[in-house]
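Numbering (this note's numbering), first residue to last: 545 to 625.
No residue lacks a Cβ here, since even glycine has one placed at the ideal position from N, Cα and C.
The structure appears right after this line, and notes come after that.
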């Protein structure tokens, strides 16, 4: 008997997760560009992204990690060639 392994998250939930992460990165990019690292706050970034503040910690763990991923997001593949 073959058992199918199902993903923990449904396709719509995964899509929402990707959309939330993209919204956070877009908001973080704007906030870091405008206010710098020290001036940008996670609650403000969450408000700009229209998501709950804990989602930032869920996706990125910390402000430092969010900063790193935002820089990677902004630069894209420029440094990976």
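Residue environment analysis places residue 619 among the exposed positions, since fewer than 16 neighbouring C-beta atoms fall within 10 angstroms of its C-beta.
Judged by their CB atoms, residue 610 and residue 572 are nearer to each other than the 8 angstroms cut-off. DSSP places residue 566 in the helix class (H, G or I) of the three-state scheme.
When DSSP states are grouped into helix, strand and coil, residue 589 belongs to the helix group. If you ignore the 5 residues before and after residue 567, its C-beta comes within less than 8 angstroms of the C-beta of 593, 594 and 595, all in its own chain and listed in chain order.
For residue 584, the CB contacts under 6 angstroms within the same chain, skipping 5 residues up- and downstream, are 575 and 576 in chain order.
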